[in-house]
Amino acid sequence: MDLEEAREFRERCSQCAAVSWGLTDEGRYYCTSCHNVTERSKEVLSTEAIPNTKIQAINRGLRRKKRLERGWDWYVCEGFQHILCQQAEALQTLGVSPELKSQVLHNLWRRYLQKSKLAYCRNPVYSGRRAAAVSDDNRSHSGWDSEPELLSDFSGPSGPSVFDSGAESQPDAHTRGPLPSSKASQSDMSSVCSGSLDGVEYSLRKAKGTVKMTVPGTLALCSLSLLWQREAVTLSDLLRLVEEGHVPYVNAFQRFPEEMKLYGRDKGIFAVESWPTYEDIYRKMVEVATFLDLPRFPDITEDCYLHPNVLCLKYLMEANLPDEMHNFTCQVVKMAGLGEVDFLTFDPIAKKKNTVKYDIQAVAVIVIVLKLLFLLDDSLEWSLSAVAETHNEENKEDKPWFDFRKWYQVMKKSFDEKKQKLEEARAKYVWKSEKPLYHSSIDRSVAYKRREMVVNLQKQFSMLVDSTPTVARKSPSSFQFNWTGDADGTCFHGHSLQGALEKRGQSLTTRNALYWLSTQRFCRSYCKHVTTYEESNFSLTYQFILNLFSFLLRINVYFLHEEVSLIEKRLFKTKYSKAKKKSSRSRKVRK
Numbered sequence: 025m026d027l028e029e030a031r032e033f034r035e036r037c038s039q040c041a042a043v044s045w046g047l048t049d050e051g052r053y054y055c056t057s058c059h060n061v062t063e064r065s066k067e068v069l070s071t072e073a074i075p076n077t078k079i080q081a082i083n084r085g086l087r088r089k090k091r092l093e094r095g096w097d098w099y100v101c102e103g104f105q106h107i108l109c110q111q112a113e114a115l116q117t118l119g120v121s122p123e124l125k126s127q128v129l130h131n132l133w134r135r136y137l138q139k140s141k142l143a144y145c146r147n148p149v150y151s152g153r154r155a156a157a158v159s160d161d162n163r164s165h166s167g168w169d170s171e172p173e174l175l176s177d178f179s180g181p182s183g184p185s186v187f188d189s190g191a192e193s194q195p196d197a198h199t200r201g202p203l204p205s206s207k208a209s210q211s212d213m214s215s216v217c218s219g220s221l222d223g224v225e226y227s228l229r230k231a232k233g234t235v236k237m238t239v240p241g242t243l244a245l246c247s248l249s250l251l252w253q254r255e256a257v258t259l260s261d262l263l264r265l266v267e268e269g270h271v272p273y274v275n276a277f278q279r280f281p282e283e284m285k286l287y288g289r290d291k292g293i294f295a296v297e298s299w300p301t302y303e304d305i306y307r308k309m310v311e312v313a314t315f316l317d318l319p320r321f322p323d324i325t326e327d328c329y330l331h332p333n334v335l336c337l338k339y340l341m342e343a344n345l346p347d348e349m350h351n352f353t354c355q356v357v358k359m360a361g362l363g364e365v366d367f368l369t370f371d372p373i374a375k376k377k378n379t380v381k382y383d384i385q386a387v388a389v390i391v392i393v394l395k396l397l398f399l400l401d402d403s404l405e406w407s408l409s410a411v412a413e414t415h416n417e418e419n420k421e422d423k424p425w426f427d428f429r430k431w432y433q434v435m436k437k438s439f440d441e442k443k444q445k446l447e448e449a450r451a452k453y454v455w456k457s458e459k460p461l462y463h464s465s466i467d468r469s470v471a472y473k474r475r476e477m478v479v480n481l482q483k484q485f486s487m488l489v490d491s492t493p494t495v496a497r498k499s500p501s502s503f504q505f506n507w508t509g510d511a512d513g514t515c516f517h518g519h520s521l522q523g524a525l526e527k528r529g530q531s532l533t534t535r536n537a538l539y540w541l542s543t544q545r546f547c548r549s550y551c552k553h554v555t556t557y558e559e560s561n562f563s564l565t566y567q568f569i570l571n572l573f574s575f576l577l578r579i580n581v582y583f584l585h586e587e588v589s590l591i592e593k594r595l596f597k598t599k600y601s602k603a604k605k606k607s608s609r610s611r612k613v614r615k
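Numbered as in the working numbering, the sequence shown ends at 615 without a single skipped number.
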């Protein structure tokens with residue numbers, strides 16, 4: 025960068041209104057305050073005094089070709105920006121509102137860049153020498169006498185989108201991201217250990233109070249954007265779309281522009297070889313939202329998809345359970361206070377921050393209703409099934425009663441088939457990327473030759489082992505099971521719960537008058553977990569119910585058991601208070 029040559033350009037920046045310009049390698053002006061690259065470039069007014077103009081033009085073309093072979097000078101945050109753009113476009117293709125990318129996710133990313141001191145700030149992290157070269161005179165003209173205020177507008181961007189410059193203009197090498205390359209950065213920060221300028225420094229960076237962006241962190245930002253927009257996509261849905269390949273995650277760096285060379289330390293930053301887990305992404309969401317000081321999110325009301333009444337209806341259909349159970353789930357939600365707006369709405373900066381796992385909470389409510397109706401103790405559910413089976417045989421023309429045993433047999437078969445297919449798909453998944461990764465630019469040719477040899481061997485082996493054509497990837501769906509047809513009697517949506525209910529006076533109550541708590545005593549406050557889950561301590565039916573819904577959400581069984589216990593604690597406060605009094609009395613007697 026030559027600041028002396030850029031001083032003649034005195035226009036104000038369209039984004040930050042500063043007058044402090046530098047020159048990129050391509051001769052374009054960019055703002056040293058916010059790193060906005062303009063379309064204006066430095067022009068040569070006269071070529072009469074320049075000898076050998078044609079020879080210089082030829083040499084310049086050769087240098088440009090050599091630069092393209094070497095690749096762009098790019099930063100790690102630009103790589104994450106490309107991944108975020110890919111994920112946002114994939115979600116938009118699946119039906120999410122376009123505002124998710126152009127407004128919400130755009131502003132979240134700008135906010136992260138500013139809070140992390142990567143861009144949109146006075147002194148970016150990796151611009152020490154470049155910032156030192158800026159004179160006090162330039163700073164006074166720029167209007168940045170103090171640090172800029174934190175970006176807080178979530179209604180829409182005030183200028184050109186960061187994503188538009190980072191991904192949609194890939195063919196144009198001059199507007200590829202918020203951090204432009206410069207001659208100083210090219211000589212000072214480039215490293216043979218990484219393709220990016222700051223790959224080595226980024227991997228070693230351990231700044232306190234800063235959330236380092238990772239590939240799982242991009243999913244956390246997408247999930248926060250979906251939550252802000254109140255889209256009909258839960259976190260479990262997002263992770264399932266990732267695993268099915270509809271949202272870029274594994275080997276997302278393959279879609280980087282060809283000029284963005286990736287090797288060495290970049291491999292550890294952008295290459296992932298494991299599926300994202302619900303708990304890790306959720307924890308990352310809370311961490312990022314707290315780091316960004318995000319305001320209170322839009323209210324989750326009764327007409328919102330994330331409200332437990334709506335989600336309960338969705339998962340009742342998914343689990344092939346009777347529609348009449350929705351009345352009971354709504355009552356449990358009301359009694360436990362789970363449907364209140366303040367309880368459901370995410371507020372990262374609140375003193376008593378309440379975080380709700382919307383999909384797990386809805387499924388836990390269904391488990392509690394099943395316990396209220398059928399107890400799930402490996403005894404009562406089977407006796408009620410015998411009553412329902414007898415009634416259905418004697419009254420074939422009437423509305424059938426829900427037979428728990430028959431439902432269990434149907435779901436067990438479908439669940440085992442789906443689970444086996446998932447395990448086979450995960451076992452066959454190829455984690456190696458089509459775009460080979462190498463430790464340094466010297467190993468590039470060797471890596472590509474090895475990759476080509478592996479691909480040829482895989483093709484030959486697949487032709488010998490399996491001659492059947494590969495099945496095309498299925499289109500994404502909100503449901504994993506299909507229970508629309510009732511020709512074979514496997515759909516239980518329209519069945520009645522009369523077999524589990526009885527009339528007492530003017531109201532219907534459950535025949536089952538008992539209830540057992542999933543957790544008798546919760547862990548102390550200093551424990552990292554709320555309760556424990558050991559299968560041997562619970563009935564086989566309860567284990568099957570938890571395994572079924574945990575499979576639907578792609579979560580560990582423990583997290584669902586924990587959520588069930590927490591909701592039971594809100595429902596049965598008196599039982600837990602009596603248990604506390606008994607334990608305190610026993611301690612006093614022992615003393």
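Heads up, the beta-carbon is just placed ideally off N, CA and C, and yes, glycines get one too. Predicted, not measured: the structure shown is a model, and the values here were computed from it.
Check                                                                                                                                                                              : Outcome
According to DSSP, is residue 667 part of a helix, a strand, or is it coil?                                                                                                        : The question about residue 667 has no answer, for the chain in this structure spans 25 to 615.
Given that a residue counts as buried once 16 or more other Cβ atoms are within 10 Å of its Cβ, and exposed if not, what is residue 359?                                           : exposed
Which partner residues of residue 507 appear in the DSSP bridge assignment?                                                                                                        : Per DSSP, none; premise fails for residue 507.
Once DSSP output is grouped into helix, strand and coil, what is the label at residue 55?                                                                                          : strand
Can you list, in chain order, the residues of its chain with a C-beta nearer than 7 Å to that of residue 425? Leave out the 5 residues immediately preceding and following it.     : 412, 415, 416, 519, 520, 522 and 523
Any idea if residue 428 is buried or exposed, counting beta-carbon neighbours within 10 angstroms, 16 or more meaning buried?                                                      : buried
Just to confirm, are residue 288 and residue 217 a CB contact at a threshold of 8 Å?                                                                                               : yes
Give the range of the alpha helix (DSSP H) segment to which residue 134 is assigned.                                                                                               : 130-139
Taking the CB atoms as reference points, tell me whether residue 584 and residue 595 lie closer together than 8 Å.                                                                 : no
Using the three-state DSSP reduction, which class does residue 61 fall into: helix, strand or coil?                                                                                : strand
Nearest to residue 536 by CA position, among 545, 526, 530 and 544, is which residue?                                                                                              : 526
Count the other C-beta atoms from every protein chain shown that fall within 10 angstroms of the C-beta of residue 80, then say buried if there are 16 or more, exposed otherwise. : Residue confidence is low: residue 80 scores 41 on pLDDT, short of 50, so the model does not pin down where it sits. No coordinate-derived value is stated.
Distance, Cα to Cα, residue 375 vs residue 252?                                                                                                                                    : 20 Å
Whose C-alpha, out of 505, 145 and 338, is nearest the C-alpha of residue 440?                                                                                                     : 505
With H, G and I counted as helix, E and B as strand and the rest as coil, what does DSSP make of residue 291?                                                                      : helix
State yes or no: is the C-beta of residue 546 within less than 8 Å of the C-beta of residue 554?                                                                                   : yes
Pull up the distance between the alpha-carbon of residue 141 and that of residue 273, whole angstroms please.                                                                      : 25 Å
How many Å lie between residue 165 and residue 131 at the Cα?                                                                                                                      : With a pLDDT of 32 at residue 165, under the threshold of 50, the modelled position of this residue cannot be trusted, and the question is left open.
Does DSSP put residue 499 in a helix, a strand or coil?                                                                                                                            : coil
For residue 432, which of 243, 306 and 402 has the nearest alpha-carbon?                                                                                                           : 402
How many angstroms separate the CA atom of residue 234 from the CA atom of residue 323?                                                                                            : 28 Å
Just reading off the beta strand (DSSP E) that residue 526 is part of, what are its end residues?                                                                                  : 525-528
As a quick exercise: from 302, 58, 597 and 281, pick the residue whose alpha carbon is nearest that of residue 576.                                                                : 302
I think residue 290 touches residue 219, with their Cβ atoms under 8 Å apart; what is that distance to the nearest whole Å?                                                        : 5 Å
Does residue 560 come out as helix, strand or coil in the three-state DSSP assignment?                                                                                             : helix
Tell me the rounded alpha-carbon separation between residue 40 and residue 271.                                                                                                    : 33 Å
Among residues of its own chain, excluding the 5 on either side of residue 542, which ones have a beta-carbon nearer than 7 Å to its beta-carbon?                                  : 585, 588, 589 and 592
What is the DSSP secondary structure of residue 455, counted as helix, strand or coil?                                                                                             : coil
Touching or not, the segment 380-392 and the segment 335-348, by the rule of three or more beta carbon pairs under 8 Å?                                                            : yes
Let me check understanding here. Comparing Cα to Cα, which of 320, 139 and 105 lies closest to residue 279?                                                                        : 105
Using a Cβ-Cβ cut-off of 6 Å (strictly less than) and excluding sequence neighbours within five positions of residue 275, which residues of its own chain qualify?                 : 457
Where do the N-terminal and C-terminal ends of the alpha helix (DSSP H) with residue 353 fall, by residue?                                                                         : 349-360
Would you call residue 453 buried or exposed, if buried means 16 or more other Cβ atoms sit within 10 Å of its Cβ?                                                                 : exposed
Taking Cβ to Cβ, would you say residue 329 is nearer than 8 Å to residue 381?                                                                                                      : no
Could you tell me which residues DSSP puts in a beta bridge with residue 260?                                                                                                      : BP columns for residue 260 are empty, so no partner.
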